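Structure follows, in structure tokens:
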């Protein structure tokens, strides 16, 4: 008997999901737990694994269709059973109204995206996409690596993050320079050699000027929540300039040893999060939220960490961050970021934040004026780290001009809950915590 593939329930409050992409085609072999299709819900985007090994026999729900949880979206047959003519996806696909779609109504998207490509080339690109995660594809793009050159060690030949990193590392230094990352929290990756430069043109963008493109499910949710937040909270912002030189030097000194000891990169984000946590402990109203005509003071500090994705924005939550040491913060931040980019987050990973940190500075912004992440009362934006001339006063009170590493921090806060004086005192303490940093990095 074929195994049914069902739309999973990704959390108690989730009642439906949208299939955004099938990673296999009817007739393809699949391994149990191999990523089979991608879904988008009102909480997270996620890769859904195959419930059994065999051959994808039928796709019943087409890409872009929203269905309720526990709906059968396809079937997997045992390899022998599926040998005879697998069902075609389009003929059995369920449309948005729950009716089978006609073959002639399905327009080939690939022909629009790559008008000069032949069918075999399209199929090759689809196969590469299917056997790699969004994170792997992002790394490949940044280094000019064509995924057809990389051998996958995952299930079904799937290319893992370690596969692409090992491939890049194994190449000679004569390289094509990767696209530089603006984030100052991570060292730039080593360049890839000229021999692995793209041999085919990069894929055309998904839309062209003049096209009318439907919003993705995630884009709709972001739009809805941003408007709701603007209408709900009385937004006010304050900005502080921070001399970040001490921490820049500290990270440069410890980053190699930190990674060797703990197996995780030392970035700047845990410094900002730790400084904010210490300040929240002094000013708990920053960690509060409004409930009707009452203010909820939360016992735990759950920090939302905004993560920019190729397909949108998501805010996974570092739970009980106030109980973590510096190493715990770094591990937690790294884990959330990696799982967000590889679509491994669960609904509970994006719930329960009490304070949010966002980092527009990773893309070069001097500062930002972020919108509050509801139901939080405050969000801290981290600007880019730049070198600037500053007036420096020594212990004897003498002034001089020095080149210092500077970062601008912005606090967006709900004036219904937080007064301007409190917001300023909170940020002054965050600034002091960073400029006078005296904690062990670990």
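Residue numbers (our numbering): 2 to 443. Yeah, the Cβ is synthetic: ideal placement off N, Cα and C, and Gly gets one too. Since we're looking at a predicted model, the values are computed, not measured.
Original post:
By how many angstroms is the C-alpha of residue 75 removed from the C-alpha of residue 362?
Top reply: Their backbone Cα atoms lie some 43 Å apart in a straight line.
Subject >> Counted within 10 angstroms of its Cβ, other Cβ atoms place residue 325 as buried (16 or more) or exposed >> reply: buried
Subject >> Simplified DSSP state of residue 264, which is helix, strand or coil >> reply: coil
**OP:** Apply the 10 Å Cβ neighbour rule to residue 71 and answer buried if 16 or more other Cβ atoms are within range, or exposed otherwise.
**Re:** exposed
Original post:
Ordered along the chain, which non-local residues of its own chain (more than five positions away) have a Cβ less than 8 Å from that of residue 69?
Top reply: Excluding the 5 residues flanking it on each side, residue 69 has same chain C-beta neighbours closer than 8 Å at 8, 16 and 17, in chain order.
**OP:** Using only alpha-carbon positions, find the residue among 384, 376 and 30 that is nearest to residue 365.
**Re:** 384
Subject >> As assigned by DSSP and simplified to three states, the class of residue 291 >> reply: In the three-state reduction of the DSSP assignment, residue 291 falls in the strand class.
**OP:** Compute the distance between the beta-carbons of residue 62 and residue 255, then report whether it is under 7 Å.
**Re:** no
Subject >> Cα-Cα separation, residue 379 to residue 288 >> reply: 7 Å
Subject >> Rounded straight-line distance, which links the Cα of residue 303 to that of residue 397 >> reply: Their Cα atoms are separated by approximately 42 Å.
Subject >> Distance between beta carbons of residue 6 and residue 37, contact taken as under 8 Å >> reply: 7 Å
Subject >> DSSP-derived helix/strand/coil call for residue 342 >> reply: Helix, per DSSP.
Original post:
From this set, 138, 222, 2 and 323, which residue's C-alpha is nearest residue 46's C-alpha?
Top reply: Comparing alpha-carbon positions, the option among 138, 222, 2 and 323 lying closest to residue 46 turns out to be 222.
Original post:
If we count the other Cβ atoms within 10 Å of its Cβ and call it buried at 16 or more, is residue 431 buried or exposed?
Top reply: buried
**OP:** Pick out whichever of 39, 29, 49 and 42 has its Cα sitting closest to the Cα of residue 81.
**Re:** 29
Original post:
Considering only C-alpha positions, which residue in the set 43, 39 and 355 is nearest to residue 320?
Top reply: Check the Cα spacing between residue 320 and each of 43, 39 and 355: the tightest is with 355.
Original post:
Between the beta-carbon of residue 400 and the beta-carbon of residue 392, is there less than 7 Å?
Top reply: yes
**OP:** May I have the straight-line CA-CA distance separating residue 213 from residue 66, to the nearest angstrom?
**Re:** 18 Å
**OP:** For the alpha helix (DSSP H) holding residue 272, just list the boundary residues, first then last.
**Re:** 270-283 is the span of the alpha helix (DSSP H), which, as asked, contains residue 272.
**OP:** Going by CA-CA distance only, name the one from 419, 387, 411 and 414 that's closest to residue 404.
**Re:** 387
Subject >> Pick from 153, 166 and 154 that is closest to residue 142, judged by C-alpha positions >> reply: The option with the nearest alpha carbon to residue 142 is 166.
Original post:
residue 210: buried (16+ other C-beta within 10 angstroms of its C-beta) or exposed?
Top reply: exposed
Subject >> For residue 425, the first and last residue of its enclosing alpha helix (DSSP H) >> reply: 421-436
Subject >> Residue burial classification, residue 390 (beta-carbon count within 10 angstroms, cutoff 16) >> reply: Per the 10 Å Cβ criterion, exposed.
Original post:
alpha helix (DSSP H) containing residue 223: first to last residue?
Top reply: 218-233
Original post:
What three-state label does DSSP hand residue 248 in the structure shown?
Top reply: helix
Original post:
Residues in its own chain within less than 8 Å of residue 235 by CB, not counting five upstream and five downstream?
Top reply: The answer, listed in chain order, is 415, 416 and 417.
Subject >> N- and C-terminal bounds of the alpha helix (DSSP H) containing residue 440 >> reply: Residue 440 -> no alpha helix (DSSP H), and no H or E assigned at all.
Original post:
Taking Cβ positions, are residue 253 and residue 434 nearer each other than 7 Å?
Top reply: no
**OP:** Pull up the CB-CB distance for residue 64 and residue 21, whole angstroms please, since I reckon it's below 8 Å.
**Re:** 6 Å
Original post:
What number of angstroms, rounded off, separates the C-alpha of residue 39 from the C-alpha of residue 51?
Top reply: Each residue's Cα considered, the two are about 11 Å apart.
**OP:** Could you work out which residue in 347, 336 and 278 is closest to residue 43 when comparing CA atoms only?
**Re:** 347
**OP:** Look at residue 411 and residue 240 and say whether their C-beta atoms are less than 7 Å apart.
**Re:** yes
Original post:
Hey, residue 357 and residue 218 are a contact pair by Cβ (cut 8 Å); roughly how many whole angstroms apart?
Top reply: About 22 Å; that fails the 8 Å criterion.
Original post:
Leaving out the 5 sequence neighbours to the left and right, which residues in its chain are closer than 6 Å to residue 249 when beta-carbon positions are compared?
Top reply: If we look at residue 249 and ignore the five residues flanking it on each side, its Cβ neighbours are 406.
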